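Quick notes on the structure that follows.
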Amino acid sequence: MVITTGNVSFDTTAREVQVNDRTISIPRRELGVLEHLMRRASHVVPKDVLEDKIYGFGKEVSSNSVEVHVSRLRKRLAGSGANVSVHTLRGVGYLLSEESTLAPQ
C-alpha cells in the first residue's frame, strides 16, 4: 500500500519513502514515526502513541526520544525537498500536514 501526503509517498510494503519520485533513506524508527503520521495526516497524534509505535507498547524510553526522532525526520524531509511539515502541538502531540494547507502565522 502506498500512502501519499503532499509530494511524499511511502510504500508500506517495500518500506520505501520517495519525495518527488526520488527515494530517500530514513532509519527504521524515524520511518515508524513518518508512517504513523502519514496514516493520520492532518490529525494530531499523541506523543505516547508514537512511543508505542516505534518502541513497543509499555516499553520505558527516555523522555525526549520521540522529540529526537521527530527532529531528525524534519531535517531529512526538509533536506529532500518535501512539502510536508511535522508540527509540535505542545502538551498534545504531533501533526503532519502539507505546507500549503496551513494558514500563515
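For the sequence shown, the numbering used here begins at 2 and goes up steadily by one. Ideal Cβ positions, reconstructed from N, Cα and C, are used throughout, including at glycine. These numbers were taken from a predicted model, which means no experiment stands behind them.
- Scanning R75, R91, I25, P47 for the CA closest to the CA of E99 turns up R75.
- Ranking K48, S86, P47 by CA distance to the CA of V20 puts S86 first.
- Assignment of beta-bridge partners to T24 by DSSP yields Q19.
- For R77, the closest of L32, T5, T6 by C-alpha to C-alpha distance is L32.
- Note that the C-beta distance between V67 and E52 is below 8 angstroms.
- One thing to note: E36 has its Cβ no nearer than 8 angstroms to the Cβ of F58.
- G92 sits in coil when the DSSP states are folded into three classes, being neither helix nor strand.
- In the DSSP assignment, V50 falls outside any beta strand (DSSP E) and lies within the alpha helix (DSSP H) extending over 48-56.
- Rounded to the nearest whole angstrom, the CA to CA distance from M39 to V62 is 23 angstroms.
- Under the three-state reduction of DSSP output, E99 falls in the strand class.
- Straight-line spacing of the CA atoms in V93 and R30 works out to 21 angstroms.
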